[in-house]
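Following: one structure in structure tokens, then a few remarks.
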Amino acid sequence: MNEQKASDKNNNQVEFRIAKLNQIWEKAIRMQLAPVRLSELHSDLKIQEKDELQWKKLKAEGLDEDGEREAKLRRNFNVILAKYGMDGKKDTRTLDSNRLKDHDVKDGDTFDDPRLDKLWNKAKTSGKFSDEELQILQREFHHHKDKINEYNIVMDTVSRTEEIHKNVIAPLEGEMKEQVLHQKHSDLKQRMRDLNQGFERLRKITHEGYSADSEFKEPRVIELWEMAKRSNLSEDELDSLKEELRHFETKVEKHQHYQEQLELSHQKLKHVEALGDKDHIMRNKEKYNNLAEKAREMGYKMKKHLQDLTNKISRNGLQHNEL
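Under UniProt numbering, the very last position in the sequence shown is 323; numbers go up by exactly one each time.
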């Protein structure tokens, strides 16, 4: 974040060094995405930029001969477009996707999934959770809902790749694409396993409540810890990772706090703009812009740390890919 920002042909500062990422960012601003969504997109694009620049260096050294890394980058880019409704398709995944549910969304549905809604209503009326624990549990439910949406998006990208694959004529190119498709299907299977394990965890907590010795509170950290316990890490390595995850959880909580402050600042700015006091507007706009920059910086660091932790655990016996 301390690097000097890139410039375009007219020497104007741009947000990203890769043109297509900059175009997506400018489009998102024109679409007036919600501040928190915009901050999340910025972090995702920063990660994508880092990975693409790293890939260009590897390609120049001839280290991506089978094109697998390039295919993964292209898929991740398509996932970002779909995730933020910028893939040119009407965004009906959350409400209308029938890949993982077969019901009509009704008033009162909280998570757009009947199993999650049923569990959540049971948790709320069980009397097993304090108000703070219910907030933590609700974050876990929302995280699981996001993972379902991610799965549906990846499923869509694989389906589109398969359509392209059908039109391939050259045998060699076809074999290479077959390998890429195989890797994507393995990714989908792993994601489905993760979803099933995540749902089982929610079901168990809903029935039994939180235990007094629960290691972590944040859903992403809990997910990493569950992955780690299923991996081939030794006891010493698990203890070391547990300490690192505690630091990461603090980072996640701090980022969440800044996102909440950013949303509040945006609401206040809109209120002040309606009143029309220019000096007041300028002061609030400056505060909002500073918060937005801080949230983006922290979001990038958090997602980069998440990526590093996931890769570290994956290298120790798990076949897992993270968005």
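All residues carry an ideal CB built from backbone N, CA and C; glycine is no exception.
Just so you know, these numbers come straight off a predicted model, no measurement behind them.
Spatially closest choice to residue i from the options, by CA coordinates
i, options, result
"L81", "E15, E132, R17, I24", "I24"
"V36", "N311, D308, S314, L291", "L291"
"L309", "L269, K268, E226", "E226"
"Q190", "S314, D44, L45, G276", "S314"
"M298", "L269, K254, F141", "K254"
"L137", "K301, R203, Q259", "R203"
"A212", "H257, L195, S130", "S130"
"R185", "R201, E61, T157", "Checking the sequence shown, residue 185 turns out to be His, not Arg. For the residues R201, E61, T157, the minimum Cα distance to H185 belongs to T157."
"Y258", "G209, L195, R296", "R296"
"E218", "F248, E200, Q197", "F248"
"G198", "E132, K145, R74, Y300", "K145"
"A28", "K312, G88, E132", "G88"
"E214", "D236, D194, R246", "Here residue 214 is Ser; the residue named in the question, Glu, does not match the sequence. When only C-alpha atoms are compared, the closest one is R246."
"L73", "A60, K56, T110", "K56"
"L224", "N311, Q32, M86", "N311"
Close beta carbons around residue i, own chain, < 8 Å, minus the five adjacent residues each side
i, result
"L134", "A123, K124"
"R220", "H143, V252, L306"
"K294", "Y258"
"L33", "L41, Y84"
"K147", "R191, D194, L195, G198"
"D64", "W55, L58, E70"
Own chain partners of residue i with C-beta closer than 6 Å, once the 5 adjacent residues on each side are dropped
i, result
"Y84", "L41"
"L21", "L45, E49"
"E273", "I281"
"D239", "none"
"R230", "none"
"Q54", "none"
"I47", "K303"
"H207", "none"
Beta-carbon proximity list for residue i, same chain, < 7 Å, skipping 5 on both sides
i, result
"M18", "The residue asked about is misnamed: residue 18 is Ile in this sequence, not Met. The answer, listed in chain order, is E49, E52."
"Y288", "S265, H266, L269"
"residue 324", "Since the displayed the chain opens at 1 and closes at 323, residue 324 lies outside it and no answer follows."
"K263", "Looking at the sequence shown, residue 263 is not Lys but Glu. Excluding sequence neighbours, E263 sits near P35, V36."
Local Cβ density within 10 Å of residue i, reported as buried at 16 or more and exposed below that
i, result
"A228", "buried"
"T250", "exposed"
"S39", "buried"
"N121", "exposed"
"G127", "exposed"
"E243", "exposed"
"D112", "buried"
"I222", "buried"
"F16", "buried"
"E26", "exposed"
"R75", "buried"
"L58", "exposed"
"A71", "buried"
Residue i Cβ short of 6 Å to the ligand ATP heavy atom set
i, result
"H247", "Although the ligand ATP was asked about, the structure shown includes no ligands whatsoever."
Cβ of residue i within 7 Å of any chain D Cβ
i, result
"W225", "Looking at the structure shown, chain D is missing, and only one protein chain is on hand."
Quiz item: What alpha helix (DSSP H) runs, 4 residues minimum, are completely inside the segment 34-85?
Solution: You should have 35-60, 68-83.
Self-check item: alpha helix (DSSP H) runs wholly inside the segment 212-284, at least 4 long, in chain order
Solution: Listed in chain order, they are 219-230, 235-275.
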